[in-house]
Structures are given as structure tokens and as C-alpha cells.
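Taken in order, these protein sequences are the chains called X and L.
The first sequence runs 1 to 144 under the numbering used here.
The second sequence runs 1 to 156 under the numbering used here.
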Amino acid sequence: MDLSKEKKELTMKQFHEIADLALDRVTQVCNERTNDLKERCHDAGVHSAYVDSCNDALTILTAAHLRTIIMLFGGLFDQPTSVSAFEVGVALNKLIEYVFETQLLNTSTATKLSYQRRLEEFLPEYFKVITEKFENLGMDGIGV
Amino acid sequence: MENTLSEEYKRVTLKQLSDTFMRSLLKAAQARDTHKEELAQKDFAAATIGLYKKTTDIALRIVKTACDKTELIFFSGAQGAPMELSAYETSVAFTKMAEYVAEVGTHGSRSKTQQLIQCSVKDFSEEVIKGIAELFEGIPAELTPEENTPGLRGSL
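Here's what the structure looks like:
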């Protein structure tokens, strides 16, 4: 992952908006791909397994996403904090690892692998939005 | 990460976790000071002792920040109410926080310095994980076996 290390000052509210746009984008891509698969593949079992793994991967991503926001901003809604896209990337990845290691303890390896594949498929979309939005921010965070 | 810690969920307050972190950090800092004195007694060069002090200072700050962030992700918005946590879950969260803080906090440093800091972070983290294990062992089990069902839990 090659994310910018340039720090931008923004509030938790501003970051929340950016991160939510990134999550919305992933959800949108997820829906596009499941619809596309439905059209191309007529095996209901394959389609349903893909949809399930997408939904679970999205749940994992959402859990890590919310914790990332709390972790980076400490719940301080209006107090600006300096954050870089790189920091967001490292934090989100570490929290995804945390969710994997703690919440999916008794899940089969095959299922974990399918979640992992979905996450690998969708995470670049998440970071594309974060990067774009961060690039458009001024040093003082104006322009979100 | 190989799990040697209990996965049993217990009710823990922010104060209990915070005190545990504080005690563990204090122990880690004391062990660091003792080791620094030992280096001086063994006639290590001042530069070596200086480097040890500098890197362990940074490592202690990293571990302290990781403790703060662990408290934050578990107790954000629920200061007084106890949370259901396990020793395993708490230690994984703390370890991931330490990895995060070390990664973002040391980027740009020379790789040798980074390695030295990471080694100290690992040493100090062991003290914190030991503290977490002791904390959970000392709390009586209150949850029913049903409540303690492992796997997908509430917030996920």
C-alpha cells in the first residue's frame, strides 16, 4: 500500500465524512460485483456464497473502520488532529487484523480466506477514496 | 499470534485496565533503568548507553500510547460501565495498537534505530501482556457459559 505520509489537520467530524464516503464506495463496488456475478453466473450457490462473503467482509471492514476513527481521533469530535493517509492505512489494517484474530476465532480457515480475499478485493477502493479526499484537503483541512 | 491467554470473557472497568497498564509500564520502566545501570557498571561506552536510553525512551512512549489507544477503542463513550473483554482480546488489541504506533511513529528513522526501538517495544509489551493476564485471572467469572460463547460477538 503506497499512501501519502503528508499530514493534514482535520476534525473527527471531517474525517468521519471522508471515511464514510470510502465505506460507501466499497459497498457500492460490492453491490456492482455481486450483480455482475448474478448476470454472468447462473449457479445460485456460487452467487450466494459470494454475496455472503461480501457481506461478512463488509461487516469486518465496518468494525475496523469505526475503531480506526475512534483510535485516530480519540472521540474528540471538534478538536483538529494531524493525520496522514498512511496512518489511516496502517491503523485500519491493524484493526482488521485485530477483528480477524479476536472475532473470528472459531471460523473455519476456508471462510476466513474468503473474507480475506473479499477484503483484498475491496480495500484498494477504500484507500482510493481516502487518498483522493486527502489530496483535496488543504494543510488546515479546509475543503473537505 | 500464538494464543496462550484465556478467551474467557469477564466484566472489566476502565479503571481496572488503566491501573494494570500503569503498573506494567512502571515495571517496564524500572527494568529499563536497572538494565541501563548494568550497562554502565559493565563499562559500556557512553554512546551505547545513550543510544539505549534514547531508543528505550521512544519504545516506552510507544507502549504508553498503545495502552491509551487500547483503552480508547474498548471504553470510548462508556467511561463508567464495565465492558466484556477477554485477556486474549485485550492483548491482541494492545499488540496491534503497539504495532500501529511503532510503524507510524518510527517511519523516517534509520532502520537500525527502528529495529532497536521495535525490540524494546516487544520487551515492554511482554510486561503489559503479563499484566493483562494477571488482571483477568484475578477477576471472578460472572458470565454464564452462554454469554461466554466464543466467535462472533456484539460489536462485530
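In this text, a Cβ means the ideal position worked out from N, Cα and C, and glycines have one as well.
The residue from X/44, X/82, X/71, X/105 with its alpha-carbon nearest to that of residue 96 of chain L is X/71.
Fewer than three beta-carbon pairs drawn from the stretch 97-104 of chain L and the stretch 5-24 of chain L are found closer than 8 Å, and the two stretches are therefore not classed as touching. Within chain X, 97, 98, 101, 102 have C-beta atoms less than 9 Å from the C-beta of residue 92 of chain L, given in sequence order. If you check each beta-carbon in the stretch 91-116 of chain L against every beta-carbon of chain X, the ones closer than 9 Å belong to 92, 93, 95, 96, 97, 99, 100, 103, 104, 107, 108. For residue 50 of chain X, the closest alpha carbon among the candidates X/89, X/35, X/126, X/60 is that of X/35. Using a CB distance cut-off of 9 Å, residue 118 of chain X does not count as an interface residue toward chain L.
Within the model, the alpha-carbon separation for residue 125 of chain L versus residue 131 of chain L is close to 10 Å.
Listed along chain X, no residue sits closer than 7 Å to residue 142 of chain L by beta-carbon distance, the nearest being about 20 Å off.
Interface with chain X (9 Å Cβ-Cβ cutoff): residue 15 of chain L is excluded. Under DSSP, residue 81 of chain X takes part in a beta bridge, and its partners are X/10. Taken through DSSP and simplified to helix, strand or coil, residue 61 of chain L comes out as helix. Collapsing the DSSP output to three states places residue 11 of chain L in a strand. With contacts defined as CB atoms closer than 9 Å, residue 85 of chain X and residue 5 of chain X qualify as a contacting pair. At least 9 Å separates the beta-carbon of residue 69 of chain X from that of residue 22 of chain X. Considering only X/132, X/65, X/55, the residue with the shortest C-alpha distance to residue 97 of chain X is X/65.
When DSSP reads this structure, residue 86 of chain L sits in a beta bridge with L/9. Classified as exposed, residue 46 of chain X has fewer than 16 neighbouring CB atoms from the shown chains inside 10 Å of its CB. Within the stretch 78-96 of chain X, contact with chain L at the beta-carbon level (separation under 9 Å) is assigned to 84, 86, 87, 90, 91, 93, 94, 95.
Apart from the 5 residues on each side of it in sequence, residue 57 of chain L has no Cβ closer than 8 Å to any other Cβ in its chain.
Annotation note: the stretch 64-148 of chain L contains the following uninterrupted alpha helix (DSSP H) runs of length 4 or greater, listed N- to C-terminal: 87-106, 111-137. Annotated as proximal: residue 106 of chain L and residue 62 of chain L, with beta-carbon spacing under 9 Å. Judged by beta-carbon spacing, residue 129 of chain L lies beyond the 9 Å limit of residue 86 of chain L, meaning their Cβ atoms are not closer than that value. In the DSSP annotation of this structure, the continuous segment of the alpha helix (DSSP H) that includes residue 111 of chain X starts and ends at 109-135. Neighbours of residue 5 of chain X in chain L, taken as residues whose beta carbon is under 9 Å from its own, are 104, 107, 108 in chain order. Going by beta carbons, residue 134 of chain X and residue 26 of chain X fall outside the 9 Å limit.
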